[in-house]
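Heads up: the protein sequence lines correspond to chains L and X, in order. Just so we're aligned: the first sequence equals residues 1146 to 1516 in our numbering. Just so we're aligned: the second sequence equals residues 30 to 239 in our numbering. The beta-carbon is built from N, C-alpha and C at its ideal position, and this holds for glycine as well. No experiment lies behind these values; they were computed from the predicted model shown. One structure below.
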Amino acid sequence: MRVLQAILQKVVVIPYYCQNAGFFLVVFILAFGLQSPPSLLVSPMFLMDAAISPVFIKAILLLFFLYYLKCFNFIHKTLNAPENSFLQVAALLAPKTLLYYLARVHVLLYLPALVYMVLIVGYAAWQKQYQTAFIILLYNMVLATLSAVLFYQKLINARTDKKLNTIPKIGFLPGSSSVCVWTLRYLLEQEKVMLFLTKLFSGSVLLAFLYLYPYPAYDLRPALIGFWTAAVSQVMLVQRVQLFGEEDLTFLRNLPYSRGRRLGQQAVFFGLCLIPELIILLRFLPLSAALFMLQLWALGISFLLLMHALLYLKDQSLRQFSRQVFFIFMGFLLFFLTSPPLYLLSIILTAIAYTIYHQRYYVYEPEELES
Amino acid sequence: MLSFRNFNKTYGPHLILQIPDLTLPAGIHWIKGRNGSGKTTLFKVLAGLLAYKGHITLDPDILLAKETVLHRKYINYGEAEPLYPGFLSGRDLIDLFAQAKQATQSQVQELIATFQAGSYLSKAVNTYSSGMQKKLSLILAFLGQPKIILLDEPLITLDEQTVQLMYQLIVQYHQQHHVSFFISSHQDISMPQLPFTATWLVQNKTLTPS
Chain L
1146 MRVLQAILQK VVVIPYYCQN AGFFLVVFIL AFGLQSPPSL LVSPMFLMDA
1196 AISPVFIKAI LLLFFLYYLK CFNFIHKTLN APENSFLQVA ALLAPKTLLY
1246 YLARVHVLLY LPALVYMVLI VGYAAWQKQY QTAFIILLYN MVLATLSAVL
1296 FYQKLINART DKKLNTIPKI GFLPGSSSVC VWTLRYLLEQ EKVMLFLTKL
1346 FSGSVLLAFL YLYPYPAYDL RPALIGFWTA AVSQVMLVQR VQLFGEEDLT
1396 FLRNLPYSRG RRLGQQAVFF GLCLIPELII LLRFLPLSAA LFMLQLWALG
1446 ISFLLLMHAL LYLKDQSLRQ FSRQVFFIFM GFLLFFLTSP PLYLLSIILT
1496 AIAYTIYHQR YYVYEPEELE S
Chain X
30 MLSFRNFNKT YGPHLILQIP DLTLPAGIHW IKGRNGSGKT TLFKVLAGLL
80 AYKGHITLDP DILLAKETVL HRKYINYGEA EPLYPGFLSG RDLIDLFAQA
130 KQATQSQVQE LIATFQAGSY LSKAVNTYSS GMQKKLSLIL AFLGQPKIIL
180 LDEPLITLDE QTVQLMYQLI VQYHQQHHVS FFISSHQDIS MPQLPFTATW
230 LVQNKTLTPS
């Protein structure tokens, strides 16, 4: 049944890595871009210490679980999508075969975590921490089995399981004709795991900077760097939102909105997205720094607008986009050392975003049409 | 009414449609063509959903590529197989379209009543049947004060009663509001209730009078 394997590869695995390029980029930047060599998350020095640290092992198990949730959510959503309802025919396969293919899909999505797990297990075994190595191995095997069994149950019970075909409602968001609210509802209802992980990640990074370099013992630059890193970690949200707009809200292109208004709607949405980070800033910085915080917020919004606009560039590929994000992130980190006026940066980024958006929005077509 | 000059639409290197010079007068037009001939692509271009090369002018001198807002104000589109985010309600979509296309509340209520959609509009779209979704897309297509309404395969998934109501609405909008209609179909069916101005054929990658 290599046919099913090939189909699952095209329907689940490849789209997962395409859609999560932004996520992996941010992880890459944080793992390699901001670390000194001895503290690189994959350096032997770090792993030798980490493998014998109960705190690190607990933290890594938690991270594995969060990443597992992300993978699980993606497979669940993909199997539920109406266009993939043909996959129910797989229920006619022998149980062992189907379980194998479902476990394989899980493993392929979970691969980045598995690679890291192998490294830790290896170092734990080398340090004679056999119990730790065994726990990590068992933990990941349980997760893989759980995925396979749950998705197997889902496929064979699809005809009677009506709950899986309905979307849970978010009670506190009323019906609205605002596109910003729709996008927010989309993230809260259909991408909640991704949203949760992104916010957890960006919030943690910002908190770490604010705790380690508290104001006024240090100046405001650590807060700036922390917020900038948190803003960059929202790139995966930007990617997902652009995809949602171009795939699910294509009818918006038929509405008589100017490009400025369309970009304005995005700005409002990104502004809403960055409110949790703004609240964290408010909690840690004095009110006398309110203007600075507002400038940071504006900088974050303008950066996300630019990222959104970059996705409309001609022949834009995920690889190119990742490079652009990386260089903008690193370039600005260096630029911040010169204490540039943040309001001016926000204006410049917004102007560039508007120029790209104005030129490209109506001539942009999704990649599959251009191929 | 609608003029094409040096128009061509490609997907990557593949030419889909080419219309060197053609003017379609105001009226009700039937656009016929086989599956894959390019009818939906033509409609999506006219609705502003897809990019193209060349010039399309809406009477008297609205160059669609330049006047992007007027383009979308004056041309409405009812998709062949409408798909909306499942968590939205029909009411959410109608409110947005009514606001954007500057439709009056009386027009909204009239259309909802005509298509007998009031009973389900407050529910999430993912609970709709394909016929209900089609009715919703027709309501959205009629909202505002368009000069042209594009209806892509309007007959599919509709019951006979709704089809008759839609015919009446098309005639009413054409006679009372001077709205032109482009109606596509790959079916070789008759629509005797509609006073067609002209019939066009999409074939050999171009649009010609039938």
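- Counting only runs of 3 or more residues that sit fully inside the segment 188-219 of chain X, the beta strand (DSSP E) segments are 209-214, in chain order.
- One alpha carbon belongs to A1195(L), the other to L1254(L), and they sit about 25 Å apart.
- Those residues of the segment 121-154 of chain X placed with their C-beta closer than 9 Å to a C-beta in chain L are D121, L122, I123, D124, L125, F126, A127, Q128, A129, K130, Q131, S151 and A153, ordered along the chain.
- A direct Cα-Cα distance of roughly 37 Å separates K176(X) from L1449(L).
- The Cβ neighbour count for Q131(X), taken over all protein chains shown within 10 Å, is under 16; the residue is labelled exposed.
- Close to T186(X), with beta-carbon spacing below 8 Å, lies no residue of chain L; the smallest spacing is near 15 Å.
- Cα atoms of L184(X) and Q47(X): separation of roughly 27 Å, rounded to the nearest angstrom.
- Taking a Cβ-Cβ threshold of 7 Å, the residues of chain X close to D1393(L) are P114, in chain order.
- Following the DSSP letters along the chain, one finds F1169(L) inside the alpha helix (DSSP H) bounded by residues A1166 to F1173.
- For L1458(L), not one C-beta of chain X is nearer than 7 Å to its own C-beta.
- Across the segment 1240-1259 of chain L, no CB contact with chain X closer than 9 Å is found for any residue.
- For I45(X) against K234(X), the beta-carbon gap comes to about 7 Å, under 8 Å, which counts as contact.
- The CB of A109(X) never comes closer than 7 Å to any CB in chain L; the least such distance is about 13 Å.
- Taking the C-beta atoms as reference points, G107(X) is found nearer than 7 Å to A170(X).
- One thing to note: F1437(L) has its Cβ within 7 Å of the Cβ of L1365(L).
- By a beta-carbon distance limit of 8 Å, L53(X) contacts M30(X). Their separation comes to about 6 Å.
- Comparing alpha carbon positions, the residue from L99(X), L117(X) and S166(X) closest to K152(X) is L117(X).
- Think of a sphere of 8 Å around the beta carbon of G77(X): the chain L residues whose beta carbon falls inside it are R1398, N1399 and Y1507, in chain order.
- The segment 1359-1376 of chain L and the segment 146-165 of chain X do not touch, with fewer than three beta-carbon pairs separated by less than 8 Å.
- Cβ proximity to chain L below 8 Å picks out L169 from the segment 160-179 of chain X.
- Beta-bridge partners of S118(X) (DSSP): A153(X).
- For the set H1503(L), L1352(L), L1332(L) and Y1331(L), the Cα lying nearest the Cα of R1404(L) is the one of H1503(L).
- Inter-segment contact for the segment 1378-1392 of chain L and the segment 1319-1335 of chain L is present: three or more beta-carbon pairs are separated by less than 8 Å.
- Excluding its 5 nearest sequence neighbours in each direction, G77(X) has C-beta neighbours in its own chain below 6 Å: H100 and R101, listed in chain order.
- Out of I57(X), R34(X), T39(X) and P49(X), the CA that lies nearest to the CA of Y196(X) is found in I57(X).
- Straight through space, the alpha carbons of S239(X) and L230(X) are spaced by roughly 5 Å.
- Going by DSSP, S32(X) is part of the beta strand (DSSP E) stretching over L31 to Y40.
- Per DSSP, the beta-bridge partners of I178(X) are N105(X) and F210(X).
- In terms of Cβ geometry, F1346(L) and P1367(L) do not form a close pair [threshold 7 Å].
- Fully contained in the segment 1406-1450 of chain L are the following alpha helix (DSSP H) runs of length 4 or more, in chain order: 1420-1429.
- Per DSSP, reduced to three states, the secondary structure at G77(X) is coil, with no helix or strand assignment.
- Each of T1277(L), A1166(L), K1299(L) and V1200(L) was checked against the Cα of Q1379(L), and the nearest Cα belongs to A1166(L).
- Here A227(X) carries a strand assignment [DSSP, helix/strand/coil].
- Residues of the same chain with a CB within less than 8 Å of the CB of K1222(L), apart from the 5 flanking positions on each side, are Q1335 in chain order.
- Neighbours of S1403(L) in chain X, taken as residues at a C-beta separation under 7 Å, are given in chain order as V98.
- Y1457(L) and R1407(L) do not touch by the CB rule: their CB atoms are close to 11 Å apart, not below 8 Å.
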